[in-house]
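Sequential numbering from 9 applies to the sequence shown in the numbering used here.
To start, the structure under review is shown below, and the notes come after it.
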Amino acid sequence: HRRLHHLQFSPSVNARPCSSPLVFSAKGEKFFCEEGLSPRARRLPTRLAWCCIDWDQLCLLHPLGSGGFGSVYKAVYHGATVAVKQVKKCSKNSLASRQSFWAELNVAHLDHQNVVRVVAASTCAPATQDSLGTIIMEYVGSSTLHHAIYGTDCRAAKRKDDGLGCGHVCLSLTQALGYSCDIAAGLVFLHSHLIAHLDLKPANIFITEQNVC
9 HRRLHHLQFS PSVNARPCSS PLVFSAKGEK FFCEEGLSPR ARRLPTRLAW CCIDWDQLCL
69 LHPLGSGGFG SVYKAVYHGA TVAVKQVKKC SKNSLASRQS FWAELNVAHL DHQNVVRVVA
129 ASTCAPATQD SLGTIIMEYV GSSTLHHAIY GTDCRAAKRK DDGLGCGHVC LSLTQALGYS
189 CDIAAGLVFL HSHLIAHLDL KPANIFITEQ NVC
């Protein structure tokens with residue numbers, strides 16, 4: 009999951025750390041997550057303004073991970089494999105929890121091969137779910153750059169014996185350059201939209217079946 013910040017701002021008490029994108033409005037405008045704003049006023053991207061989740065077509069398969077603001081599941085939606093993020097209600101820090109959800113949607117209108125795409129989202133949920141909101145994203149697999157570097161993924165790297173009976177992974181120069189270019193391309197795209205990533209690390213960079221970061 010990403011943590012993004014507007015380039016014209018630096019982290020402050022108004023932008024508490026979270027594992028999701030944070031985007032701030034231009035100077036002179038009110039912060040989109042300000043208390044008292046209605047959901048419609050929180051700048052839901054146009055592409056998602058009409059969109060709601062067809063819950064009958066959503067089937068959660070198994071958890072992929074969890075964090076301070078929610079959990080991510082592998083799921084099937086309208087026959088396609090997707091990743092579903094459920095942002096939990098945080099009683100201790102409800103404002104940050106809401107910021108996490110709405111900031112994620114603030115970059116949903118962006119479309120780039122090196123940025124995970126948002127499929128649908130909703131602030132409504134079945135009564136059985138205790139979540140602030142649900143975001144359905146494209147499923148890009150479970151292999152990360154961390155796996156490729158540290159040896160838990162054999163698809164994108166070549167394993168060598170270190171003489172101690174334990175294999176370690178050595179990425180080729182071609183692979184390393186390819187991944188670096190993918191990451192740089194995604195960051196350049198985000199920066200062109202005045203969005204900065206605040207949690208860039210190998211564990212947060214996924215490698216698709218096409219060997220693209």
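Idealized CB from N, CA, C, for every residue including glycine.
Just so you know, these numbers come straight off a predicted model, no measurement behind them.
Checking the DSSP bridge columns, you'll see Phe214 partnered with Thr152. The continuous beta strand (DSSP E) containing Ile203 extends over residues 203 to 205.
In the displayed model, Thr142 falls within a strand according to three-state DSSP.
Tyr85 has Leu66, Ala88 as its beta-bridge partners, per DSSP.
Taking the C-beta atoms as reference points, Pro210 is found nearer than 8 angstroms to Ile157.
For Val126, the enclosing beta strand (DSSP E) covers residues 126 to 130. Gln107 sits buried, since 16 or more C-beta atoms from the chains shown fall within 10 Å of its C-beta.
Between Ile61 and Ser139 a beta carbon distance of about 12 angstroms is seen, past the 8 angstroms cut, so the two are scored as non-contacting.
For Gln94, the beta-bridge partners assigned by DSSP are Ser79, Thr142. When the Cα atoms are used, Tyr85 and Leu179 turn out to be separated by approximately 35 angstroms. Close CB contacts of Val92 within its chain, under the 6 angstroms cut and outside five residues either way in sequence, are with Tyr81, Ala83, Ile144 (chain order). When the five nearest sequence neighbours on each side are left out, the beta carbons in the same chain lying within less than 7 angstroms of the beta carbon of Leu195 are those of His205, in order along the chain. The beta carbons of Ser79 and Gln94 sit closer together than 8 angstroms. About 16 angstroms separates the beta carbons of Phe197 and Val148, which is beyond the 8 angstroms limit, so they are not a contact pair.
Cβ contact annotation for Thr216 (same chain, cutoff 7 angstroms, sequence separation greater than five): Val148, Gly149, in chain order.
The residue from His120, Glu146, Lys97, Asp119 with its alpha-carbon nearest to that of Ala88 is Glu146.
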